[in-house]
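S.K.: Residue numbers (our numbering): 2 to 143. Where is the CB? At the ideal position from N, CA and C, for every residue including glycine.
#1: State the DSSP-derived secondary structure class of residue 65, mapped to helix, strand or coil.
#2: Please list, in chain order, all residues of the same chain as residue 22 whose beta carbon is under 8 Å from its beta carbon, the five residues on each side excluded.
#3: Note down, in chain order, each residue of its chain lying with its Cβ closer than 6 Å to the Cβ of residue 24, except the 5 sequence neighbours on either side.
#4: Would you tell me roughly how many angstroms separate the C-alpha atoms of residue 54 and residue 70, rounded to the nearest one?
#5: Compare the beta carbon distance of residue 66 and residue 109 with 8 Å and say whether it is the shorter of the two.
#6: Measure the alpha-carbon distance for residue 34 versus residue 86 and round it to whole angstroms.
#7: Any idea if residue 58 is buried or exposed, counting beta-carbon neighbours within 10 angstroms, 16 or more meaning buried?
#8: Runs of 4 residues minimum, wholly inside the segment 69-113: which ones carry the alpha helix (DSSP H) assignment?
#9: May I have the straight-line CA-CA distance separating residue 60 from residue 115, to the nearest angstrom?
#10: Can you tell me which of 88, 106, 56 and 102 puts its alpha carbon nearest to the alpha carbon of residue 77?
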């Protein structure tokens, strides 16, 4: 092929189209992230109140951010929102890892033929959890 390569070769077209998010839009996104999914029986006002308690911001200020009524966002407010969002992400990640570990344990129990977690296994001698000679009831007290 003869000719010159286009000047934009190797450059992503998205980079030129990227638009910086305004502080108001970022704050609203962070409020939504901190609120997480709505709890059963909870309305939006209660979820925003929960965000206000988490961040230490005023209820009305959080509702104003949510409804795009805030004209500006102060840096300390953004810092609080970002910190709470980081904590919310970390909590969600920990919950996901916990669910994953529980799933792996259930799979291992099933593979080994062990009873489920709802079965009391305290007296199963095969697992080594049975009473021992040095065990005594709590009410004897010695």
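M.R.: In brief:
#1: DSSP places residue 65 in helix when its eight states are reduced to three.
#2: 30
#3: 74
#4: Distance between the alpha carbons of residue 54 and residue 70 is about 20 Å.
#5: no
#6: 6 Å
#7: The residue in question, residue 58, is buried, as its Cβ has 16 or more Cβ neighbours within 10 Å.
#8: 76-113
#9: Straight through space, the alpha carbons of residue 115 and residue 60 are spaced by roughly 50 Å.
#10: 56
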